[in-house]
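Asker:
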Amino acid sequence: MDNKFGFSDSNEISNSSSICSVATNAETLSSEPSLAPDISALRRLSENLESIFISPGSDHFADAKIVVSSSTTSNVREVPVHRCILSARSPFFKSLFAGSSPAAKCGEFELKELARDYEVGFDALEAVLAYLYSGKVKPWPKDVCVCVDEDCRHEACRPRVDFMVEVLYASFTFQISELMALYQRHLLFNLDKVAIDDILVILFVANMCGEACERLLSKCIEIIVKSDVDIVTLDKALPQHIVKQIMDSRKELGLDMFESNSFPDKHVKRIHRALESDDVELVRMLLKEGHTNLDDAFALHFAVAYCDAKTTTELLDLGLADVNHRNLRGYTVLHVAAMRKEPKIIVSLLTKGARPSDLTSDGRKAIQISKRLTKSMDYYKSTEQGKASPRDRLCIEILEQAERRDPLLGEASHSLAMAGDDLRMKLLYLENRVGLAKLLFPMEAKVAMDIAQVDGTSEFPLGIKSKNSK
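Mind the numbering: the sequence shown is residues 0 to 469 in numbering that gives the first Met the number 0, read in order.
(1) Return the CA-CA distance between S261 and L128, expressed in angstroms with no decimal places.
(2) Taking DSSP as the reference, what is the three-state secondary structure of R171?
(3) Which parts of the region 259 to 308 are runs of the alpha helix (DSSP H), unbroken and 4 residues or longer, counting only runs that do not cross its ends?
(4) Compute the distance between the beta-carbons of M179 and L190, then report whether it is under 8 Å.
(5) Give me the Cα-Cα distance between T382 and S68, rounded to the nearest whole angstrom.
(6) Tell me the DSSP bridge mates of A63?
(7) How would you write the range of the alpha helix (DSSP H) that E213 sits in, first residue to last?
(8) Let me see if you follow: with CB-CB separation under 8 Å, is R403 close to chain C or not?
(9) My understanding is that L233 touches F203, with C-beta atoms under 8 Å, so please give their C-beta distance in whole angstroms.
(10) Run the CB neighbour count on R159, radius 10 Å, all protein chains shown included, and call it buried at 16 or more, exposed below.
(11) By the 10 Å Cβ neighbour count, where 16 or more other Cβ atoms means buried, how is E210 classified, buried or exposed?
(12) Which word fits S89, buried or exposed, when buried means at least 16 other C-beta atoms lie within 10 angstroms of its C-beta?
(13) Kindly identify the DSSP beta-bridge partner or partners of S68.
(14) Once the 5 residues before and after R157 are set aside, which same chain residues still bring their CB inside 7 Å of it?
(15) Flag this pair as yes or no: are the beta carbons of I270 and T311 separated by less than 8 Å?
(16) Is the region 355 to 372 touching the region 292 to 308, taking contact as three or more C-beta pairs under 8 Å?
(17) Tell me the DSSP bridge mates of T331?
(18) Once the 5 residues before and after A304 are set aside, which same chain residues still bring their CB inside 7 Å of it?
(19) Rounded to a whole number of angstroms, what is the C-alpha to C-alpha distance between R472 and S176?
(20) With H, G and I counted as helix, E and B as strand and the rest as coil, what does DSSP make of C146?
(21) Using a Cβ distance threshold of 8 Å, determine whether the region 138 to 155 contacts the region 95 to 106, with at least three qualifying pairs required.
(22) Does the Cβ of I247 have 16 or more other Cβ atoms within 10 Å, making it buried, or fewer, making it exposed?
(23) Span of the beta strand (DSSP E) holding E109?
(24) If I follow the unbroken alpha helix (DSSP H) through A126, where does it start and stop?
(25) Could you tell me whether the Cβ atoms of H266 and D294 are closer together than 8 Å?
(26) Does the region 238 to 245 come close enough to the region 277 to 292 that 3 or more CB-CB pairs lie under 8 Å?
(27) Secondary structure at K235, three-state DSSP: helix, strand or coil?
(28) May I ask which residues mark the beginning and end of the alpha helix (DSSP H) holding E210?
(29) Just grab the DSSP bridge partners of K374 for me.
(30) Quick check: the Cα distance between F91 and D150, rounded to an integer number of angstroms?
(31) Nearest CA to the CA of K64: which residue from N74, S73, F52?
(32) Tell me which residues share the same chain as C212 and place their Cβ nearer than 6 Å to its Cβ, disregarding the 5 neighbours each side in the sequence.
(33) Mapping DSSP to helix, strand and coil, what is A102?
(34) Between the Cα of V475 and those of V80, E46, A365, P263, spot the shortest distance and give me the residue it belongs to.
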């Protein structure tokens, strides 16, 4: 946009300034006696329209609302909006509000129905709508774009990447080309700081945005082609035509000769398919054929990354896999579990002997991986009585407990097994308190039961019988 109207078109978004902002230097402008009338009017217009969106009580004038629900929590939030403003600013909303659908008639729209192919959170939606109202890009929402790792500079950790790609996808969906271009440039500027596994997230969204994000898509593909991301991970994370493009490029560059870039053989594929079907008994039968074993097939890595927690536990119970085995990228199973962010799986691995002190090839422990993936807001917010604690926070707390017990020796399994025995005796002795624990702290109670390796008590069962129960 033209800077003569007070707009900035920076490639960066900082915590103290905005891009495309008519109010970036508001104090300076207001103090200048020779302020041009058109600049002053434009600034006041932006501030007035912004106040309609952010001021308390402004929802009284709203004639529609967007409902935001999350796939990971039970929280539902509503954002009041004004049809005339959004219609004037976005072709998408103009067409939406002019329609004859039941939602258009009642004025209530589900965000997951508007943006169907990728989940957009409340904070990303708020940032996009704030831009539509005011023409200003809000500063980074600190608690949303900051991870829990105190050593992180928070320039390209997963919470910030998630926020950026959500705004990018929402801007694409709502046909806000200038906002989409700005976030694409910012992602391009920070790609060299983004973790390889997070590049896959950016690539996935850039592909959905099509030609508008062609530069971002090409750069992400270039990075992945030269990376150590294996074919199994690519197949799970990306559309097949993108996977083919990456593998073809690796072949042209002679990179397909590396083991991490080769396709798994048919015996490994059969084990993976059996795990996807939650059929551990079939896995046992396939192993009897003698063509491969669980470690060579990286079966435990696969189960931890993509399968149900129950399937992972049953695979561990076979006792045929090395729980500290590393895959071709140097990740132990616990490293993969930290990326999955599933407390029950982490507990299962620790009780079977997984070492929390093991490092990845780039020097990270499971606890650091987990912290880099967790939003500061989710970790530090208080949990309402009777509500489940965030899984991210539970994962960190479990790993921290394991490290405190044996930070160097990696004997967390022995310590957690002892903790499990202790918890079992206490839970059985204080049987009448289990129901209260379930009511007040359901997620913590479930994890405690998993550590203790019991499914409940005679008076307060959790509802799932153990396979060893008679």
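By construction, the Cβ of each residue, glycine as well, lies at the ideal position given by its N, Cα and C atoms.
Answerer: Looking at the atomic coordinates:
(1) Between S261 and L128, the C-alpha separation is close to 45 Å.
(2) What sits at residue 171 in the sequence shown is Phe, not Arg. The answer is helix: DSSP assigns F171 an H, G or I state.
(3) 265 to 275, 279 to 287, 298 to 305
(4) no
(5) 18 Å
(6) As DSSP reads the structure, A63 sits in a beta bridge with V80.
(7) 213 to 224
(8) In summary, chain C is missing from the structure at hand, where a single protein chain is found.
(9) With 8 Å as the limit, L233 and F203 do not qualify as a contact, their Cβ atoms being about 11 Å apart.
(10) buried
(11) exposed
(12) buried
(13) V75
(14) C146, D197, R371, L372
(15) no
(16) no
(17) R325
(18) Excluding residues within five positions, the ones whose Cβ falls inside 7 Å are V335, R339.
(19) The chain is shown only over 0 to 469; residue 472 falls outside these bounds and no answer can be derived.
(20) In the structure shown, the three-state DSSP call for C146 is strand.
(21) No, they do not touch.
(22) It should be pointed out that residue 247 corresponds to Asp in this sequence rather than to Ile. It counts as exposed.
(23) 107 to 109
(24) 121 to 133
(25) D294 sits away from H266, with the two beta carbons spaced by 8 Å or more.
(26) no
(27) helix
(28) That residue, E210, is in no alpha helix (DSSP H); it is neither H nor E in DSSP.
(29) C146
(30) Using only the alpha carbons, I get a separation of about 41 Å.
(31) With distances taken between Cα atoms, K64 lies closest to F52.
(32) Contacts found: Q183, A205.
(33) helix
(34) Because the chain spans 0 through 469 in this model, residue 475 falls outside it and cannot be assessed.
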